[in-house]
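Mapped onto my numbering, the consecutive letters of the sequence shown carry residue numbers 2 to 345. For glycine and all other residues, C-beta sits at the position ideal for the given N, C-alpha and C.
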Amino acid sequence: MKLQNDLFLRAARGEKTERPPVWLMRQAGRILPQYRALRGSLSGFKELVETPHLAAEVTIQPVDELGVDAAIIFSDILVIPEAMGLTYEMVEKKGPLFPQTIESQSDIEKLIVGAEAASELQYVYDALKITKQELNGRVPLIGFSGAPWTILAYMVEGSGSKTFSKAKKFLYTQPEAAHMLLQKITDTTIAYLQNKVKSGADLIQIFDSWAGILSPAQFSTFAAPYIAQIAAAITDVPVTVFAKNAWFAYAEIGKMDCNVIGVDWNTHPTFARELVGKDKVFQGNLDPCQLYAPAADVRNATLNMLKSFGGEKHIANLGHGVYPDTPLDNVKVFVDTVKGWEGV
Ligand code: 1CP
2 MKLQNDLFLR AARGEKTERP PVWLMRQAGR ILPQYRALRG SLSGFKELVE TPHLAAEVTI
62 QPVDELGVDA AIIFSDILVI PEAMGLTYEM VEKKGPLFPQ TIESQSDIEK LIVGAEAASE
122 LQYVYDALKI TKQELNGRVP LIGFSGAPWT ILAYMVEGSG SKTFSKAKKF LYTQPEAAHM
182 LLQKITDTTI AYLQNKVKSG ADLIQIFDSW AGILSPAQFS TFAAPYIAQI AAAITDVPVT
242 VFAKNAWFAY AEIGKMDCNV IGVDWNTHPT FARELVGKDK VFQGNLDPCQ LYAPAADVRN
302 ATLNMLKSFG GEKHIANLGH GVYPDTPLDN VKVFVDTVKG WEGV
């Protein structure tokens, strides 16, 4: 089906566009009253993720309400560890919890891997197909996964963490087991993302949310080679790599077979450009907390952010996911400021 608004995809491919496209990480979620109403009527987060027509409904809500230039499929990066054999619970107000974690090589040997694991996630592929139908070509649909290091971090740590010191300890004390696990996550993720593309995803974004806590040497050893394998295996659609806070790794990410690089709010676009070179497209990078400020400040900060990227090879977004208690009117100011921008 032909897209009516393909601005996001043209920009992702590096083409010159009339203005930067705009969407927000975590745009499908608690910032929207429609989401809170639907979520409140369900048993929990997982019911929403695992029921395709409901996942499709919340995926489309921000397109209707905010007028963003892309939709992102409502799901979670943690469906991959679950498909490999480690189920997770989403504890209200606390976040994810894995009753079983990975401690040793024998735990890794028991995991389900590759196409077999990916076949467990039919509900995600069904959600993509329904969303594509219901979007009816209005905007492109983003599919995503976690990067292997970030997924390993949850599988070893068992929950969220400020330091992920248990997961980092695993890299330092059991490097061979870590590589074995990272390769299994990579093989599963490739099969999963290829299925997502077949089910209608127009672009794939890889989230390495915990890249920034690794040392540069650890990133080069345990993160970069696996992200690179995934990026190279996705051949039919553009790929975005978002390695949060990994400014030290930009030159390395710049060499990967990806089109777009996510930039967090700690990283200046000109600094990123020097490291990456001129070919890649950047996506970001307003501080999500900026959206708590008065509307006039949000507008000015958004204009400054747009100018700082120079008006080309840029997809406007925040530097990380929008916080659930952000005033919706300010989210709209952000989106509308980008859409009304007349350029540098
Ligand atoms: O009940 C709820 O509504 C729970 C909140 C929530 C939501 C809305 C979670 C739990 N996941 C999601 C959806 C989600 N997760 C999306 C939806 C699409 C969109 O962007 O609109 C996406 C892309 C994710 C990806 C995700 N999940 C990441 C990577 C991106 C990032 O934010 O860094 C990570 C790290 C997760 C794990 C996760 N899931 C949920 C929480 C609270 C967490 C983080 C836990 C932690 O702090 O470690």
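Look up Q230 in the DSSP assignment and say whether it is helix, strand or coil. Here residue 230 is taken as the residue at index 229 of the sequence shown, counted from 1. Q230: helix per DSSP, three-state reduction.
Given a cut-off of 8 Å, decide if V64 and V140 are closer than it, judged by their beta-carbon atoms. For the purposes of this step, residue 140 is identified with residue 139 of the sequence shown, where counting begins at 1. For the purposes of this step, residue 64 is identified with residue 63 of the sequence shown, where counting begins at 1. Contact: yes.
Decide if Y36 is buried, meaning its Cβ has at least 16 other Cβ atoms within 10 Å, or exposed. Residue numbering aside, residue 36 sits at position 35 when the sequence shown is read from its first letter. By the neighbour-count definition (other C-beta atoms within 10 Å, threshold 16), Y36 is a buried residue.
Beta carbon of L287: closer than 7 Å to some heavy atom of ligand 1? Walking along the sequence shown from the start, residue 287 turns up at place 286. In this structure, L287 has its beta carbon at no less than 7 Å from each heavy atom of ligand 1.
Look up T241 in the DSSP assignment and say whether it is helix, strand or coil. The sequence position of residue 241 within the sequence shown is 240, counting from 1. Looking at T241 - three-state DSSP - the assignment turns out to be strand.
Are the beta-carbon atoms belonging to I109 and M181 less than 8 Å from one another? Here residue 109 refers to the residue found at position 108 when the sequence shown is read from its first residue. Here residue 181 refers to the residue found at position 180 when the sequence shown is read from its first residue. Between I109 and M181, the C-beta spacing is below 8 Å.
Is the beta carbon of Q284 within less than 7 Å of some heavy atom of ligand 1? Position 283 of the sequence shown holds residue 284. Outside the cutoff, so no.
Check: T327 C-beta below 7 Å from any heavy atom of ligand 3: Of the ligands this structure carries, namely ligand 1, none is ligand 3.
C259, buried or exposed, once every other Cβ within 10 Å from all chains shown has been counted against 16: Mapped onto the sequence shown, residue 259 falls at position 258. With 16 or more Cβ atoms within 10 Å of its Cβ, C259 is classed as buried.
Does the structure place the segment 58–76 close enough to the segment 333–344 that three or more beta carbon pairs sit under 8 Å? Flag = yes, the segment 333–344 and the segment 58–76 touch.
Consider the C-beta atom of P97 and the heavy atoms of ligand 1; say whether any pair is separated by less than 7 Å. The residue given as residue 97 occupies position 96 in the sequence shown. The answer is yes for P97.
Nearest-angstrom Cα distance between A118 and I254? In the sequence shown, residue 118 corresponds to position 117, counting from 1. In the sequence shown, residue 254 corresponds to position 253, counting from 1. Spanning the two alpha carbons is a distance of roughly 27 Å.
Quick check on this structure: which residue in T271, N331, P295 and G322 has the alpha carbon closest to the alpha carbon of G312? The residue given as residue 312 occupies position 311 in the sequence shown. Measuring from the Cα of G312, the nearest candidate turns out to be T271.
Cβ-heavy atom distance between F335 and ligand 1 below 7 Å? On the sequence shown, residue 335 is found 334 positions in, with the first residue counted as 1. Taking 7 Å as the cut-off, one finds no heavy atom of ligand 1 near enough to the beta carbon of F335.
Where A38 and T18 are concerned, what is the direct C-alpha to C-alpha distance, given to the nearest angstrom? The residue you call residue 38 lines up with position 37 of the sequence shown. The residue you call residue 18 lines up with position 17 of the sequence shown. Going by the C-alpha atoms only, they are around 37 Å apart.
Touch test, the segment 184–196 against the segment 80–91, Cβ-Cβ under 8 Å, three pairs minimum: Touching, yes, given that three or more Cβ pairs across the two stretches are closer than 8 Å.
Closer than 7 Å: M85 CB and nearest ligand 1 heavy atom: For the purposes of this step, residue 85 is taken as the residue at position 84 of the sequence shown. It does not: the Cβ of M85 is nowhere closer than 7 Å to a heavy atom of ligand 1.
If you compare alpha carbons, which of V299, Y251 and L287 is closest to V277? Translated into the one-based positions of the sequence shown, residue 277 becomes position 276. Out of V299, Y251 and L287, Y251 has the C-alpha closest to the C-alpha of V277.
Determine the closest residue to L319 out of F99, W266, V299 and S210, with distance taken between C-alpha atoms. Along the sequence shown, one-based indexing puts residue 319 at 318. L319 has its Cα closest to that of W266, out of F99, W266, V299 and S210.
By DSSP, does G147 sit in helix, in strand, or in coil? In the sequence shown, residue 147 corresponds to position 146, counting from 1. Looking at G147 - three-state DSSP - the assignment turns out to be strand.
Assuming A12 and P21 are in contact, meaning their beta carbons sit under 8 Å apart, how far apart are those beta carbons, in whole angstroms? Counting from 1 along the sequence shown, the entry for residue 12 is found at position 11. Counting from 1 along the sequence shown, the entry for residue 21 is found at position 20. Under the criterion of beta carbons closer than 8 Å, A12 and P21 qualify as touching, at roughly 7 Å.
Report all residues from its chain with a CB closer than 7 Å to the CB of F310; omit the five preceding and five following residues, and keep chain order. By 1-based counting over the sequence shown, the position of residue 310 is 309. These residues qualify, in order along the chain: P270 and F283.
Give the secondary structure of I73 by DSSP, where H, G and I count as helix, E and B as strand, and everything else as coil. Sequence index remark: in the sequence shown, residue 73 carries index 72 (1-based). Of the three classes helix, strand and coil, the one that applies to I73 here is strand, per DSSP.
Starting from the C-beta of K421, find all residues in its chain whose C-beta is less than 7 Å away, skip the five residues before and the five after it, and write them out in chain order. Outside the modelled stretch of the chain, which goes from 2 to 345, sits residue 421, for which no answer is possible.
Following the continuous alpha helix (DSSP H) through P97, name the residue where it begins and the one where it ends. As a first step, residue 97 is located in the sequence shown; it is residue number 96 there, counting from the start. From DSSP, P97 is part of no alpha helix (DSSP H) but of the beta strand (DSSP E) over G96 to L98.
Taking I61 and L172 to be in contact with their CB atoms under 8 Å, please state how far apart those CB atoms are, rounded to whole angstroms. Residue 61 sits at position 60 when you count from the first residue of the sequence shown. Residue 172 sits at position 171 when you count from the first residue of the sequence shown. Contact doesn't hold; Cβ gap of about 39 Å is too wide.
Determine the DSSP secondary structure at L136, reduced to helix, strand or coil. Taking the sequence shown and counting its residues from 1, the one referred to as residue 136 is at position 135. In this structure, L136 counts as helix in the three-state DSSP scheme.
Checking 8 Å against the spacing of the C-beta atoms, do V198 and I235 come in under that value? Numbered from 1 along the sequence shown, position 197 holds the residue referred to as residue 198. Numbered from 1 along the sequence shown, position 234 holds the residue referred to as residue 235. Taking 8 Å as the Cβ cut-off, V198 and I235 qualify as a contacting pair.
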